[in-house]
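**Student:** In the UniProt record's numbering, the protein residues as written are 1 to 85.
Heads up, the beta-carbon is just placed ideally off N, CA and C, and yes, glycines get one too.
Keep in mind that this is a model prediction, so the values were computed, not measured.
First the structure, which I've put down as structure tokens, then a few questions once you've had a look.
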Amino acid sequence: MTSAERKEISRRLALLERASVLFDRFGVSVPLAIAFLNHWPTEIKSYQDLVTTNAWKVFLSCVLYQLAAFALRRAVKFATADLAP
């Protein structure tokens, strides 16, 4: 691999790392914004409210976005470790 190719890959990897940091920081706000726009209840008083009002969708989407952010962080970490000489 030439120096120019390595530099280009490092630059793209730095962009992916910045994107993963932003996704980790603001990714959970996406399902919350969708919940507010769809008028889903976000205040839960009891377990029965959680089940009957479909508020569980908000919590499930937040968890899925957190798992996606974790997977993206791990992918960046493995990619940078793979490029190290």
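(1) Just to confirm my understanding: we take L15, look at its own chain, exclude 5 residues before and 5 after, and list those with CB closer than 6 Å. What are they?
(2) With H, G and I counted as helix, E and B as strand and the rest as coil, what does DSSP make of T52?
(3) When the Cα of V71 is compared with those of V21, T52 and D49, which residue comes out closest?
(4) With a 10 Å radius around its C-beta and 16 neighbouring C-beta atoms as the bar for buried, classify residue 102 as buried or exposed.
**Tutor:** Taking the coordinates as given:
(1) Taken in chain order, the list of residues that qualify is empty.
(2) Here T52 sits in helix by DSSP.
(3) Sequence check: residue 71 is Ala here, not Val. Closest option to A71, Cα to Cα, is V21.
(4) The chain is shown from 1 up to 85; residue 102 falls before or after that span and cannot be answered.
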